[in-house]
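To keep things clear, I will list the structure first and then write my remarks on it.
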Amino acid sequence: VLLIGPAALVKGPWSRFMATENLRFEAKSFQKIADLNEDGSFKHLDAEPEEYDLIVIDEAQAYRNPSTTWSDSLRRLLRGRPPKKVVMLSATPVNNSLWDLYHMLMFFIGNDAAFAEIGIRSLRDRFQVAQDTDPFTLNPDLLFEILDATTIRRTRQFIREYYSNSQI
Numbered sequence: 043v044l045l046i047g048p049a050a051l052v053k054g055p056w057s058r059f060m061a062t063e064n065l066r067f068e069a070k071s072f073q074k075i076a077d078l079n080e081d082g083s084f085k086h087l088d089a090e091p092e093e094y095d096l097i098v099i100d101e102a103q104a105y106r107n108p109s110t111t112w113s114d115s116l117r118r119l120l121r122g123r124p125p126k127k128v129v130m131l132s133a134t135p136v137n138n139s140l141w142d143l144y145h146m147l148m149f150f151i152g153n154d155a156a157f158a159e160i161g162i163r164s165l166r167d168r169f170q171v172a173q174d175t176d177p178f179t180l181n182p183d184l185l186f187e188i189l190d191a192t193t194i195r196r197t198r199q200f201i202r203e204y205y206s207n208s209q210i
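Structure follows, in structure tokens:
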């Protein structure tokens with residue numbers, strides 16, 4: 043397992059969490075993942091990219107722009123066989139437009155026609171229609187099937203109600 047996140051969270055809360063819960067996984071910052079050798083290999087990974095089964099990305103909205111060095115390095119990390127499982131954690135998956143969410147989803151969906159069997163022939167086309175729609179008249183059903191299949195949402199109220207005795 044490889045956890046990727048902001049340096050402050052990797053060195054702080056995630057490091058303490060690993061120690062407290064006696065968990066073993068590698069944790070690297072966004073910057074460390076993007077720091078490559080001249081041959082394109084990763085400078086700071088403890089294993090070869092193919093050896094990771096699960097990639098967990100905290101503050102995943104950092105990957106909402108597909109044309110950044112960080113996004114390029116994540117795509118490079120996700121290559122290979124067997125395909126890696128990806129979990130993206132974000133409280134703000136949409137910042138600038140719905141395309142933010144689309145680009146994040148594509149890191150683990152990877153195939154524009156992934157939802158063809160439920161009638162969504164192209165994710166890009168569906169997001170384009172949603173983006174072009176007036177937000178005040180946007181029908182939530184337009185993206186519901188995609189979001190239902192790919193996301194788990196927990197509000198602060200949900201956490202307070204169902205995890206009231208938990209220590210964070």
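Numbering (our numbering), first residue to last: 43 to 210.
Each residue gets a CB set at the ideal place from its N, CA and C atoms; glycine is no exception.
Own chain residues within Cβ distance below 7 Å of residue i, not counting five before or after
| i | result |
| --- | --- |
| A102 | M130, L131, S132, M146 |
| D154 | S164, L165, R166 |
The alpha helix (DSSP H) enclosing residue i, as first and last residue numbers
| i | result |
| --- | --- |
| K126 | Segment: none, K126 is in no alpha helix (DSSP H) and carries neither H nor E. |
| K53 | 49-53 |
| S115 | 111-120 |
| A69 | First-last for A69: 68-71, but that is the beta strand (DSSP E), not the alpha helix (DSSP H). |
| F169 | 165-174 |
| R198 | 198-204 |
Option nearest residue i by Cα separation, candidates the options
| i | options | result |
| --- | --- | --- |
| V136 | Q173, N79, D190, I97 | Q173 |
| R117 | S139, L185, E92, L140 | E92 |
| W112 | D77, G122, A158 | D77 |
| R166 | I188, N181, D176, F178 | I188 |
| L185 | I162, F59, I97, F200 | I162 |
| A50 | D100, D95, Q199, G122 | D100 |
| S139 | R195, D176, F150 | D176 |
| P48 | A104, M60, T62, D142 | A104 |
| R106 | Y144, Q199, K127 | Y144 |
Residue i, DSSP secondary structure in three states
| i | result |
| --- | --- |
| I97 | strand |
| L184 | helix |
| E63 | helix |
| L45 | strand |
| F157 | coil |
| L140 | helix |
| L78 | strand |
Cutoff 6 Å; reference residue i; Cβ partners in own chain excluding five residues on either side
| i | result |
| --- | --- |
| S115 | I75, A76 |
| W141 | none |
The ligand GDP heavy atom lying under 8 Å from the CB of residue i
| i | result |
| --- | --- |
| G161 | The ligand GDP is absent from the structure shown, which contains no ligand whatsoever. |
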